[in-house]
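Chemist:
Numbering (our numbering), first residue to last: 548 to 1058.
1. How long is the line joining the alpha carbons of residue 783 and residue 769, rounded to whole angstroms?
2. Could you check whether residue 837 and residue 793 sit closer than 8 Å to each other, using their CB atoms as the reference points?
3. Tell me, which residues are paired with residue 751 by DSSP?
4. Apart from the five residues on each side of it in sequence, which residues of its chain come closer than 8 Å, Cβ to Cβ, to residue 994?
5. Note down, one range per segment and in chain order, each beta strand (DSSP E) of at least 3 residues found wholly within the region 612-700.
6. Helix, strand or coil for residue 844 per DSSP?
7. Can you give me the Cβ contacts of residue 880 inside the same chain, cut-off strictly under 7 Å, excluding the 5 residues immediately before and after it?
8. Under 8 Å by Cβ, that's how I've got residue 1054 and residue 1029 pegged, so tell me the actual separation to the nearest angstrom.
9. Residues in its own chain within less than 6 Å of residue 1038 by CB, not counting five upstream and five downstream?
10. Tell me, to the nearest whole angstrom, how far the beta carbon of residue 579 is from that of residue 657; I am working on the premise that it is less than 8 Å.
11. Use the C-beta contact count for residue 853: other C-beta atoms within 10 angstroms, 16 or more gives buried, fewer gives exposed.
12. CA-CA distance, residue 572 and residue 956?
13. Which runs of the alpha helix (DSSP H) fall wholly inside the region 549-623 and span at least 4 residues, in chain order?
14. Residue range of the alpha helix (DSSP H) that residue 719 falls in?
15. Can you determine whether any heavy atom of the ligand ADP sits closer than 7 Å to the C-beta of residue 721, and answer yes or no?
16. How is the beta strand (DSSP E) around residue 778 delimited, first residue to last?
17. Which whole-angstrom value describes the C-beta separation of residue 653 and residue 605, a residue pair presumed to lie in contact below a C-beta threshold of 8 Å?
18. Going straight from the alpha carbon of residue 897 to that of residue 554, what length do you get?
19. With a CB to CB cut of under 7 Å and the five nearest residues on each side skipped, what residues in its chain are close to residue 689?
20. Do you know how far the Cα of residue 716 is from the Cα of residue 928?
21. Determine the burial state of residue 709: buried for a count of at least 16 other Cβ atoms within 10 Å of its Cβ, exposed for fewer.
22. Taking the straight line between their C-alpha atoms, what separation do you get for residue 797 and residue 753?
23. Quick check on residue 826: buried or exposed, where buried means 16 or more other Cβ atoms within 10 Å of its Cβ?
24. Return the CA-CA distance between residue 610 and residue 548, expressed in angstroms with no decimal places.
25. What does the alpha-carbon distance come out to for the pair residue 959 and residue 574?
26. For residue 884, which residues in the same chain have their Cβ closer than 7 Å to its Cβ, ignoring the five residues on either side in sequence?
27. I need the DSSP call for residue 825, collapsed to helix, strand or coil.
28. Assuming residue 714 contacts residue 685 under a Cβ cut-off of 8 Å, what Cβ separation, rounded to an integer in Å, is found between them?
29. Can you tell me where the alpha helix (DSSP H) with residue 800 in it begins and where it stops?
30. May I ask you to verify whether the region 562-571 touches the region 591-602, counting CB pairs closer than 8 Å and requiring at least 3?
31. I'd like to know whether the C-beta atoms of residue 911 and residue 561 end up nearer to each other than 8 Å.
32. Span of the alpha helix (DSSP H) holding residue 1014?
33. Flag this pair as yes or no: are the beta carbons of residue 930 and residue 953 separated by less than 8 Å?
34. Which class does residue 1041 belong to by DSSP, given the choice of helix, strand or coil?
35. By how many angstroms is the C-alpha of residue 1005 removed from the C-alpha of residue 581?
36. Please list the terminal residues of the continuous alpha helix (DSSP H) segment that includes residue 984.
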């Protein structure tokens, strides 16, 4: 199967992870544009050059996984800061129709996020003024939504008026107008589904919450989907950077007329009901959305499943991974991690394919679970692992890995994927990132997590710490493999995420 893949942006999570999952199967050829066509963070891609590259390469493709953010705005962050008119955006979007003219048989699997509204002051991925007024803009949206729903208090009405005076009108108007344009593009994409140009559309909600601008836009989108009876053609759920993996999985499974069955097991009875940070619904509902969006079914029993998705949730209260040493008591009182880890081993012994979605903490894997899996010597027997960033980023990545790779015979790629994910999601995000930030950044970089001129020094330290921590703490799993991080780079020149070149090879034994 030949699939063109146009990513959300140039970071490894969007550019590399889907390629790694595709590598699990020999019958997938993924066609990806070169990095220099994709822009750099706030610098938008040249969408005309990208379009010309697409026209040159799309003729023999069976499917295209297409980020509308990249296709229309030139990337994820540019979609939040652009100054294009609605007509300019719509003109770029209509090129989707030309894809079908060039290749009438191609199926288009597209995604377009509902734009996020962070609840804090930071201009790192938002307009410059968000550094001073981001929290106020979020609060304004939160209260405006409550007002529309008729549940606002008199005190909150006064707060809205105060925020109108506090936030410069040109900033608030700029933000609201851009959201209107992006919502209009979402609605136009829905029309392209209705008219048969887009085969399947995913509309993830980026960093969402119960009230605010995002749920207001979500209501409009859901109403349009329902009115046109497109519920099985368009899915709307929390997520963002995992969407390329999700659509890749759906395209592959539909091409081969597969509908793999997934049985879910949780580490906590309360886990499916927890509403995680940066999301608007219980974990159990997001699991169902991601499995079905990626082309799977939920099985009623382990025996009828193609693989088992083992979901490590918080006990009751979710925390960031950096607080694991002082974690909330409900991580032990509201879940039984020993039983969960032994459950994984039991299924592996029974010959079941197991994938672990490690969502107990936000922004990193659960060290206690990783150590337990290593003590039981089961890490390298899994068919997938993820534990990075938000719950739905992890969930979508883990599910797509399982839905494509559960019947893979490519064991080298399976081991590489596992080692990479444990190294990045757990070793870096939960351990090394905090270690370097606390103990090295102050000395090397004056405390700034924007790496600047010291990027090479800091990434060299990160590489050293990753290799050292892995060799010191992974004692039983991956014994037959040499695993070494060769290179670390910072795609957005900050500590939050890294890219890695990693060496994973079977050991050579001499007798």
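Glycine is no exception: its CB is placed at the ideal position from the N, C-alpha and C atoms.
Modeler: So, from the listed chains and residues:
1. Counting from one through the chain shown, the residue named residue 783 turns up at place 236. Counting from one through the chain shown, the residue named residue 769 turns up at place 222. Distance between the alpha carbons of residue 783 and residue 769 is about 8 Å.
2. As a position in the chain shown, residue 793 is number 246, starting the count at 1. As a position in the chain shown, residue 837 is number 290, starting the count at 1. Yes, the Cβ-Cβ distance between residue 793 and residue 837 is below 8 Å.
3. Translated into positions along the chain shown, residue 751 becomes position 204. Note: residue 751 sits in a beta bridge opposite 784.
4. Taking the first residue of the chain shown as position 1, residue 994 is located at position 447. Closer than 8 Å at the Cβ level, and outside the excluded window around residue 994, lie 988.
5. 654-658
6. As a working mapping, residue 844 is identified with position 297 in the chain shown. Residue state, collapsed to three classes: strand.
7. Taking the chain shown and counting its residues from 1, the one referred to as residue 880 is at position 333. So the qualifying residues of the chain are 862.
8. Taking the first residue of the chain shown as 1, we reach residue 1054 at position 507. Taking the first residue of the chain shown as 1, we reach residue 1029 at position 482. Confirmed, about 6 Å.
9. Here the question's residue 1038 lines up with position 491 in the chain shown. Cβ neighbours of residue 1038 beyond the five flanking positions: 558, 1046.
10. Against the chain shown, residue 579 aligns to sequence position 32. Against the chain shown, residue 657 aligns to sequence position 110. Going by Cβ atoms, the distance from residue 579 to residue 657 rounds to 16 Å, so no, they are not a contact pair.
11. As a working mapping, residue 853 is identified with position 306 in the chain shown. It counts as buried.
12. Along the chain shown, read from residue 1 onward, the residue named residue 572 stands at position 25. Along the chain shown, read from residue 1 onward, the residue named residue 956 stands at position 409. Cα-Cα distance, rounded: 8 Å.
13. 559-562, 564-569, 594-604
14. Position 172 of the chain shown, counting from 1, holds the residue named residue 719. Taken as a continuous stretch (DSSP letters only), the alpha helix (DSSP H) holding residue 719 covers 716-741.
15. Of ligands this structure carries none, so the ligand ADP is not represented either.
16. Here residue 778 is taken as the residue at index 231 of the chain shown, counted from 1. Per DSSP, residue 778 belongs to no beta strand (DSSP E) and is neither H nor E.
17. Sequence index remark: in the chain shown, residue 653 carries index 106 (1-based). Sequence index remark: in the chain shown, residue 605 carries index 58 (1-based). Contact flag correct, Cβ pair sits at about 7 Å.
18. Against the chain shown, residue 897 aligns to sequence position 350. Against the chain shown, residue 554 aligns to sequence position 7. Distance between the alpha carbons of residue 897 and residue 554: 38 Å.
19. By 1-based counting over the chain shown, the position of residue 689 is 142. Once the five neighbours on either side are set aside, the close Cβ partners of residue 689 are 758, 759.
20. Position 381 of the chain shown, counting from 1, holds the residue named residue 928. Position 169 of the chain shown, counting from 1, holds the residue named residue 716. For residue 928 and residue 716, the distance between alpha carbons rounds to 57 Å.
21. On the chain shown, position 162 is the one that residue 709 refers to. Under this definition residue 709 is an exposed residue.
22. Here residue 797 is taken as the residue at index 250 of the chain shown, counted from 1. Here residue 753 is taken as the residue at index 206 of the chain shown, counted from 1. Going by the C-alpha atoms only, they are around 20 Å apart.
23. The residue you call residue 826 lines up with position 279 of the chain shown. Per the 10 Å Cβ criterion, buried.
24. Along the chain shown, one-based indexing puts residue 610 at 63. Along the chain shown, one-based indexing puts residue 548 at 1. Roughly 8 Å separates the two Cα atoms.
25. Residue mapping note: residue 959 aligns to position 412 of the chain shown, counting from 1. Residue mapping note: residue 574 aligns to position 27 of the chain shown, counting from 1. C-alpha separation (whole angstroms): 16 Å.
26. Along the chain shown, one-based indexing puts residue 884 at 337. Once the five neighbours on either side are set aside, the close Cβ partners of residue 884 are 814, 915, 916, 919.
27. Taking the chain shown and counting its residues from 1, the one referred to as residue 825 is at position 278. Residue 825: coil per DSSP, three-state reduction.
28. For this step, residue 714 is matched to residue 167 along the chain shown. For this step, residue 685 is matched to residue 138 along the chain shown. With a Cβ gap of about 11 Å, residue 714 and residue 685 do not count as contacting.
29. Taking the first residue of the chain shown as position 1, residue 800 is located at position 253. Here the alpha helix (DSSP H) through residue 800 covers 790-802.
30. no
31. Locating residue 911 in the chain shown gives position 364, where the first residue counts as 1. Locating residue 561 in the chain shown gives position 14, where the first residue counts as 1. No, the pair does not count as a contact, with Cβ atoms beyond the cut-off.
32. Stepping through the chain shown from its first residue, residue 1014 is reached at position 467. That run of the alpha helix (DSSP H) goes 1002-1020.
33. Locating residue 930 in the chain shown gives position 383, where the first residue counts as 1. Locating residue 953 in the chain shown gives position 406, where the first residue counts as 1. Contact: yes.
34. For the purposes of this step, residue 1041 is taken as the residue at position 494 of the chain shown. The answer is strand: DSSP assigns residue 1041 an E or B state.
35. Mapped onto the chain shown, residue 581 falls at position 34. Mapped onto the chain shown, residue 1005 falls at position 458. Roughly 27 Å between the two C-alpha positions.
36. Locating residue 984 in the chain shown gives position 437, counting from the first residue. Looking at the DSSP string, the run of the alpha helix (DSSP H) that includes residue 984 is 980-986.
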